[in-house]
Structure formats: structure tokens, C-alpha cells
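Data first, discussion second: the structure below is written as C-alpha cells.
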Amino acid sequence: MARRALITGITGQDGSYLAEHLLDQGYDVWGLVRGQANPRVARVRRLLQDVQLVRGDLLDQGSLISAVERVQPDEVYNLGAISFVPMSWEQAELTAEVTGMGVLRMLEAIRVCSGITSSRAAGSGQIRFYQASSSEMFGQVRETPQNERTPFHPRSPYGVAKAYGHFLTQNYRESYGMFAVSGILFNHESPRRGAEFVTRKVTLGVARIKLGLASELRLGNLEARRDWGYAGDYVQAMRLMLQAGTPEDYVIGTGHTQSVRELVIAAFEAAQLDWESYVVGDQALHRPAEVDLLCADPKKARVQLGWEPTVAFEELVAMMVESDLKLLSEGADPEQDSSWP
Ligand code: NAP
Ligand code: GDD
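Going letter by letter, the sequence shown gives residues -19 to 321 in the working numbering.
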């Protein structure tokens, strides 16, 4: 019988790629959707027609229990979150509730539906759980590159909420014997990346300038460095973690790091434009506390899972610029979430 997966965050970048990957692998895929009239659900229905939808919200414990009871999943991928770091300063409590406490609610739904108690540990046919942890937890990094043993020093309410979810996942594994793991994923991007994140903001900005739809691009800190990979590669690592013999956490990244400035140069070059003529610095886009440098050490994932990234930074940026040029030329408005390449 086909394995059954439940994905929270199905309307997001990773949810879409993970759903496609699991469908390819023969899974029955279910996506958790929330809201009375969430416009992003229509996009899922259009692109992911074989995904079945179930209503639920990470803020609502009862809805998660009902979703797990209805779907009867073999695997749960918890990708739902407030994921935009600047928003986590503006709405810190909501971020703690969704990104942090949402993990507790999802783990509790699995525990209750599986009949697991402190005296009755998880059995062999248990539901396997994946938590979307983040390199933001490393924050002000203590060492470079960062691996599974590098201590955390989160620099945003988002990073703090992710650290809570990370330790809680570990704790449910240790307390109840659950197959519960975290992927500590470094930044990963794609043509489906939300327009608020810097890679997509830059590639959309370049496309608008190239097509004569804009004359400048306003950006914050150009010196921050990130380890950027391709989302399509990273969702494969999520599935591999849940197929492993033992439940363990893994760092997923490329092992390379580039600055936002290098991203900008690569994106403008991909459209044969001179970046210095268009990019304008904007102090309002700087963060109260910045993560200056992220760079993964993905050796454990390579050795134990056989996972490797396949798309290099320049290729990724060129892919995103090309996709945005095409979308805008066709009259789509990616800011309105109306389309998904
Ligand atoms: P994304 O595109 O921002 O998607 C976030 C998802 O969370 C959306 O589907 C959103 O659904 C859902 N969500 C928000 N509030 C919710 C709630 N109350 N209940 C249920 N779902 C809710 O994020 P992404 O880039 O795909 O990332 C997926 C996960 O990986 C996130 O947890 C993110 O924090 C984490 N992560 C991402 C990266 C990265 O570089 N992309 C790196 C490390 C970790 P709605 O349509 O309902 O709002
Ligand atoms: N968004 C944005 N907009 N970022 C900018 C801008 C701008 O105009 N100008 C400079 N930056 C810098 C930010 O200060 C940050 O250092 C870097 O670009 C990357 O910002 P984002 O793309 O917003 O991503 P992030 O690194 O904060 O967070 C992403 O990656 C995390 C994993 O490390 C998100 O996907 C998180 O959900 C994820 O956990």
C-alpha cells in the first residue's frame, strides 16, 4: 500500500516541491490548509491536483488532532510557520505561537492519535515526524562551518521559536521514543520563493528593471552572507531523513557562502545589467539584529543519507531571473500570488 504523508505548509515554497517529490515516489499526499478564503489554496489546487486537502491550523490543537485522525498518515512533515524573519519582530507573539508552539501542537496530535503515553512508548508502526528547523538557530555563529553540534545563538524571535521547536522535537524523541527528527536547513530558494525573501526580491527586481517596469531596487544589508541552495534538492533530504534506520537530526546546505552583494551582482549579470546603476541602499530594511554569516557543513547528510545538492549558486540565480522574466512578460503578478512557475 502507498505510504501516506501529511504536509503542513503545503501552500508554501517547500510544501509544493515536497508534495511533487512525494507524489513521484508513489505516496498519497495530503496538505493541511487553513483560513476561510486563503487565496494560496487555489494555487495548490491548480498546480498540485493529486494532493488531497484537509483543513487545520497550527494555532488550533483540535484541528490538528482531527486532521491526523482523518488522514492516518505514515509521515508528517511540519513545514508550516511564520517564516519571514523581519515579521517575527513585528509579530513576535504570533511567531512564537505558530512557529514554536505549533510544533508542540503537531507533536501532541500525533502522540494522542497514536495512543502514546509516558508509560506506553511509540511502537514500530508509528507515525514519523519531520520538523523544519532552520540555520537561523545558529544566529551569531560560534564556529564556521556550522554542523549538527554547533551551539545555537538565535538573533530573531523567529530563530528563538525555531530553537524551541527543534529542542521539543528532540525531547519527544527522547521522552516517548517517537521517530521525530529535525532538518536544520540553510537558505533554499527557487522560482517559487516568496517575493519578500531577498533572492526573489532581487530576481523580480532585475526582471522588472530589464522589462522597463521599474527603475531601481531598494535593499538593506548587502554584506550578510548566506549558504543558498535549491529548494527542489532540499525537499529530497526531508524524505530521506524519515526513511533512515534511526531518527537523527541533519544539517542541509551546500557548504558554500555568498554575500547579498554577490547575489545582486550575479542576478544583474544574468540579465546583462550593471547593478550599481539601479540598487539603492535603504536603512529601513536593515534588521534590529543581523545574522552575518551562515555556511553549512553538510557532511553527515552526505555520508549517512547519500544526499548532495545539485544546483550551484550562479545556476540557481540565473534560473530565478529567467523564470521571473518569463512570468512578468506574460503579465503575471507574482506579488499577488496568482501564479506558481
Ligand atoms: P513559506 O513559503 O513561507 O511557507 C510557510 C507556510 O506556512 C505556508 O504554507 C503557510 O500557509 C503556512 N502557515 C503559516 N501560518 C500557519 C498556521 N497558523 N497554520 C498552518 N500553516 C501555516 O516557507 P518555506 O520557505 O516553504 O519554508 C518551509 C518551512 O521551512 C518553514 O517552516 C520555514 O520556517 C522553514 N525553513 C525554510 C528555509 C528556507 O530557506 N526556505 C530554511 C530553513 C527552514 P498559509 O498559506 O496558510 O499562510
Ligand atoms: N528579505 C530581505 N529584503 N532581506 C534583505 C534585504 C531585503 O531588502 N536586503 C538585505 N537583506 C538581507 C537580510 O538582512 C538577510 O541578512 C539576508 O538578506 C537574507 O534575508 P532573507 O532572504 O529574508 O532570508 P533569511 O536568511 O532572513 O531567512 C530565510 O532563511 C532562513 C534559513 O537560514 C527564511 O527562509 C527563513 O524562514 C529560514 O529559516
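For every residue, glycine included, the Cβ atom is placed at its ideal position computed from N, Cα and C.
Continuous alpha helix (DSSP H) stretch holding residue i: start and end
i, result
"W10", "That residue, W10, is in no alpha helix (DSSP H); its beta strand (DSSP E) goes D8 to V13."
"Q(-7)", "Q(-7) to D4"
"Y156", "P137 to Y156"
"E176", "Careful: E176 lies outside any alpha helix (DSSP H) and carries neither H nor E."
"L193", "Note, L193: premise wrong, no alpha helix (DSSP H); not H, not E."
"R26", "P19 to L27"
Buried versus exposed, by CB contacts within 10 Å (16 or more), residue i
i, result
"G286", "exposed"
"T226", "exposed"
"M158", "buried"
"T290", "exposed"
"V283", "exposed"
"D313", "exposed"
"G82", "buried"
"G60", "buried"
"R100", "exposed"
"P131", "exposed"
"S115", "buried"
"L193", "exposed"
"A276", "buried"
"G311", "exposed"
"K279", "exposed"
"M221", "buried"
"M(-19)", "exposed"
Helix, strand or coil at residue i [DSSP, three-state]
i, result
"Q216", "helix"
"H168", "strand"
"L44", "helix"
"V291", "coil"
"V240", "helix"
"L273", "strand"
"S63", "coil"
"V297", "helix"
"S114", "strand"
"V283", "helix"
"E73", "helix"
"E123", "coil"
"S309", "helix"
"L253", "coil"
"V259", "strand"
Beta-carbon proximity of residue i to residue j, cut-off 7 Å
i, j, result
"Y156", "A112", "no"
"V9", "A22", "no"
"R135", "V271", "yes"
"V259", "L184", "no"
"I96", "T75", "no"
"T234", "G212", "no"
"G174", "L265", "no"
"D4", "V215", "no"
"Q182", "L243", "Inspection of the sequence shows that residue 182 is occupied by Val rather than by Gln. Going by C-beta atoms, V182 is nearer than 7 Å to L243."
"F166", "L28", "no"
"Y144", "Y110", "no"
"L2", "A(-15)", "yes"
"Y138", "L87", "no"
"E55", "R108", "yes"
"R205", "T237", "yes"
"M218", "G261", "no"
"A251", "K306", "no"
"E154", "D229", "no"
"A187", "D304", "yes"
"L148", "R85", "no"
Span of the beta strand (DSSP E) around residue i
i, result
"I(-13)", "R(-16) to T(-12)"
"E88", "Segment G82 to C93 is the alpha helix (DSSP H) holding E88; no beta strand (DSSP E) there."
"V231", "Y230 to I232"
"E55", "E55 to N58"
"G103", "No beta strand (DSSP E) contains G103, which DSSP labels as neither H nor E."
"R198", "L197 to L199"
"Q16", "Taken as a continuous stretch (DSSP letters only), Q16 belongs to no beta strand (DSSP E), as it is neither H nor E."
Min CB distance residue i to chain C below 7 Å
i, result
"R100", "In the structure shown, chain C does not exist; there is a single protein chain."
Item to complete: Report yes or no: do three or more beta-carbon pairs, one from the stretch -19 to -2 and one from the stretch 11 to 29, lie closer than 8 Å?
Response: yes
Worksheet item: Can at least three beta-carbon pairs, one atom from the stretch 213 to 225 and one from the stretch 120 to 133, be found at a separation below 8 Å?
Response: no
Worksheet item: Below 8 Å, can you find three or more Cβ-Cβ pairs linking the stretch 73 to 90 to the stretch 28 to 48?
Response: yes
Fill in: Inter-stretch contact at 8 Å, needing at least 3 Cβ pairs: the stretch 164 to 171 / the stretch 288 to 303
yes
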